[in-house]
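**Q** Those protein sequence lines, which keep their order, are chains A and B.
Residue numbering for the first sequence follows this note's numbering, beginning at 1 and increasing consecutively.
Residue numbering for the second sequence follows this note's numbering, beginning at 1001 and increasing consecutively.
Beta carbons: idealized from backbone N, C-alpha and C, even for Gly.
Fair warning: this is a prediction, and the values are worked out from it, not measured in the lab.
Take a look at the following structure, please.
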Amino acid sequence: MSETPLVPPIVAAYLEQFDTVAGRLPIGRRRRLRSEIVDHLLELVPNHLGDEDARLALIEFGTPEEILAQETRAEQEPKSRRLLVAGIAVTAAVLAGGVALFVSQVAGPEQSEVPASSAAATAQIVTSLPSGEDRVTEGPAFQEYASIIADLPALPEGAEWPSGVPAGTVVGVVPDGSGVMEAGLGQNIANYTYVCAWEFEYLTAASKGDDDRMDAAYLALSAWSTDDFWAGSDPSRIWAAHTLGPLLDGNVNNLRLDVPTMCFNAGIPVQYYALVEQGL
Amino acid sequence: MNTDATAAQLRRGVAGPCILALLESGSRYGLEIVKDLDAAGQLLTSQGTVYPLLNRLSEAGWVTSRWEVADGERPRRYYDITPAGRDELNSFRDEWSRFTSAVDTLLVRSEKEISHV
């Protein structure tokens, strides 16, 4: 268990501040700007940087208001650079295996996010009783899962947290009785359920050309990618570059490929071709 | 006259062409652009404002971007100048030459007149 937050708390606080003030930006532009700022800050403010150095680096970077002023071509120079005070306590990472396979396929030719035949109403795949194994509500994996989902941000509209964890994880005992599963399994299931729901939400929204929902889904996934759980698995942000990066250019191919992997890790089987057939 | 505000306005006016000039010599990612602009003389009011500028250059068709993933390094979005961007940069060079020449002439003349008083 690491005692050091993987995304410096001061950066997390900065991003939260950015999200608050960037609401007036046009849809799409906000996503791209946030992505650029995240990548820049994680390089500019590495984890080992002391608090004072990190604070100075952020002052050099400029406040979200300053950047927004430039974005909106404001004529006035911001009156002052506010001191940035970290306000978020980022909890230490608990990483216990179960790292998803990265989708490393090079993005194919760009395609429209709005297929010619826009899909009809598409039900969420993350429900209280999703497909896959039966769910159980007992054992350490479930206890951990229940604790983690209480702290994760909300799922998209129409999605519900599964009522339990897949039966295969019951009481954390390996089925052949040879040992006990690692702690962290419930945390993995909770996090992959979260990202499975939001990835599916993005695909659904894109199939309908719903910019507001795409925007919300992108921001949820982007924020999750800098959270300790995922930042610990992917400190170089390979997943964000391969999966979220192409979305900024209107390409959902890699995200579509990623959904089966993430959902599988959540115990929710999803077939890639089923997504295609649904027009997602 | 508020010199700081004037300098900030000047920087805002020339930062875009300066980015094009940097990219003319080769692709760069955001942090590299910021560092090079800083090294040339703090040409940004603050580092983060480079991204709105890059967006504007991109919307104008003067810059494109692409992801590059090198072994062992974090993926980075690299920016490149387009042929239209080179044309724009060359136009700016001409304009800048005329502009600085005119301002220099005025400033030097004004300085001489004051020294004769």
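Kindly indicate which residue of A:Leu56, A:Glu16, A:Asp228 and A:Val195 has the alpha-carbon position closest to the one of Ala159 (chain A).
**A** Position 159 of the first sequence, counted from the start, is the residue given in the question as residue 159 (chain A). If we check each option's Cα against that of Ala159 (chain A), A:Val195 comes out closest.
**Q** Give me the subset of the segment 232-248 of chain A whose CB atoms are less than 7 Å from a CB atom of chain B, sorted by chain position.
**A** Flagged, chain order: Ser236, Arg237, Ile238, Ala241 and Gly245.
**Q** Quick check on the burial criterion: 16 or more other C-beta atoms within 10 angstroms. Buried or exposed for Glu1024 (chain B)?
**A** The residue you call residue 1024 (chain B) lines up with position 24 of the second sequence. Glu1024 (chain B) should be labelled exposed.
**Q** Have a look at Gly1013 (chain B) and Leu1053 (chain B) and give me their C-alpha separation to the nearest angstrom.
**A** In the second sequence, counting from the first residue as 1, residue 1013 (chain B) sits at position 13. In the second sequence, counting from the first residue as 1, residue 1053 (chain B) sits at position 53. Those two C-alpha atoms are separated by around 11 Å.
**Q** If we count the other Cβ atoms within 10 Å of its Cβ and call it buried at 16 or more, is Phe1099 (chain B) buried or exposed?
**A** Taking the second sequence and counting its residues from 1, one reaches residue 1099 (chain B) at position 99. Classification of Phe1099 (chain B): exposed, given that the 10 Å Cβ count is below 16.
**Q** Report yes if the CB atom of Gly1048 (chain B) is closer than 9 Å to the CB atom of Glu66 (chain A), and no otherwise.
**A** Position 48 of the second sequence, counting from 1, holds the residue named residue 1048 (chain B). Position 66 of the first sequence, counting from 1, holds the residue named residue 66 (chain A). Cβ atoms of Gly1048 (chain B) and Glu66 (chain A): closer than 9 Å.
**Q** Please give the ranges of any alpha helix (DSSP H) in the segment 120-208 of chain A, keeping only runs that are unbroken, at least 4 residues long and fully inside the region.
**A** List check, alpha helix (DSSP H) in window: 139-151 and 185-208.
**Q** Are any of the Cβ atoms in chain A nearer than 9 Å to that of Gly1013 (chain B)?
**A** In the second sequence, residue 1013 (chain B) corresponds to position 13, counting from 1. Taking Cβ atoms only, chain A never reaches closer than 9 Å to Gly1013 (chain B), which makes this a no.
**Q** Could you tell me the distance, in whole angstroms, from the CA atom of Phe200 (chain A) to the CA atom of Ala216 (chain A)?
**A** If you number the first sequence from 1, residue 200 (chain A) lands on position 200. If you number the first sequence from 1, residue 216 (chain A) lands on position 216. Each residue's Cα considered, the two are about 12 Å apart.
**Q** To the nearest angstrom, how far is the alpha carbon of His242 (chain A) from that of Ala123 (chain A)?
**A** Position 242 of the first sequence holds residue 242 (chain A). Position 123 of the first sequence holds residue 123 (chain A). Near 26 Å, if we compare the C-alpha coordinates of Ala123 (chain A) and His242 (chain A).
**Q** Assign Val1119 (chain B) to one of three DSSP states: helix, strand, or coil.
**A** Outside the displayed range of chain B (1001 to 1117) lies residue 1119 (chain B), so it cannot be described from this structure.
**Q** Judging by CA-CA distance, which residue of A:Cys263, A:Leu244, A:Ala13 and A:Arg24 is the nearest neighbour of Thr63 (chain A)?
**A** Position 63 of the first sequence, counted from the start, is the residue given in the question as residue 63 (chain A). Of A:Cys263, A:Leu244, A:Ala13 and A:Arg24, the residue nearest in Cα terms is A:Ala13.
**Q** With distances taken between CB atoms, is the gap from Arg1011 (chain B) to Leu1043 (chain B) smaller than 9 Å?
**A** Here residue 1011 (chain B) is taken as the residue at index 11 of the second sequence, counted from 1. Here residue 1043 (chain B) is taken as the residue at index 43 of the second sequence, counted from 1. Against a cut-off of 9 Å, the Cβ pair of Leu1043 (chain B) and Arg1011 (chain B) comes out as a contact.
**Q** Whole angstroms are fine: how far does the CA of Ala1007 (chain B) sit from the CA of Pro246 (chain A)?
**A** Counting from one through the first sequence, the residue named residue 246 (chain A) turns up at place 246. Counting from one through the second sequence, the residue named residue 1007 (chain B) turns up at place 7. The alpha-carbon atoms of Pro246 (chain A) and Ala1007 (chain B) are separated by roughly 37 Å.
**Q** Could you name each continuous alpha helix (DSSP H) segment of 4 residues or more that falls completely within the segment 1021-1104 of chain B, going from the start of the chain to the end?
**A** If we require 4 residues or more, the alpha helix (DSSP H) runs fully inside the segment 1021-1104 of chain B come out as 1030-1041 and 1050-1059.
**Q** For the segment 1006-1036 of chain B, which residues have a CB atom closer than 9 Å to at least one CB atom of chain A, in sequence order?
**A** Listed by position along the chain: Ala1008, Gln1009, Arg1012, Tyr1029, Gly1030, Leu1031 and Val1034.
**Q** Can you give me, in chain order, the residues of the segment 49-63 of chain A that have a beta carbon less than 7 Å from any beta carbon in chain B?
**A** The residues in question are Glu60, Phe61 and Gly62.
**Q** Can you list, in chain order, the residues of its chain with a C-beta nearer than 6 Å to that of Arg1093 (chain B)? Leave out the 5 residues immediately preceding and following it.
**A** Walking along the second sequence from the start, residue 1093 (chain B) turns up at place 93. If we look at Arg1093 (chain B) and ignore the five residues flanking it on each side, it has no Cβ neighbours.
**Q** When DSSP labels each residue in this structure, what does Arg297 (chain A) get in the three-state scheme?
**A** Residue 297 (chain A) lies beyond the range of chain A shown here (1 to 280); nothing can be said about it.
**Q** For a quick check, are the C-beta atoms of Asn1090 (chain B) and Leu33 (chain A) less than 9 Å apart?
**A** For the purposes of this step, residue 1090 (chain B) is taken as residue 90 along the second sequence, with counting starting at 1. For the purposes of this step, residue 33 (chain A) is taken as residue 33 along the first sequence, with counting starting at 1. Not in contact: Asn1090 (chain B) and Leu33 (chain A) (Cβ atoms no closer than 9 Å).
**Q** Leaving out five residues on either side along the sequence, give the residues of the same chain with a beta carbon under 8 Å from the beta carbon of Ile189 (chain A).
**A** Translated into the one-based positions of the first sequence, residue 189 (chain A) becomes position 189. Hits under 8 Å: Ala141, Tyr145, Val165, Pro166, Thr169, Asn265, Ala266 and Gly267.
**Q** Chain B partners of Glu43 (chain A), CB-CB under 8 Å?
**A** Mapped onto the first sequence, residue 43 (chain A) falls at position 43. Residues of chain B passing the Cβ test: Leu1031 and Arg1074.
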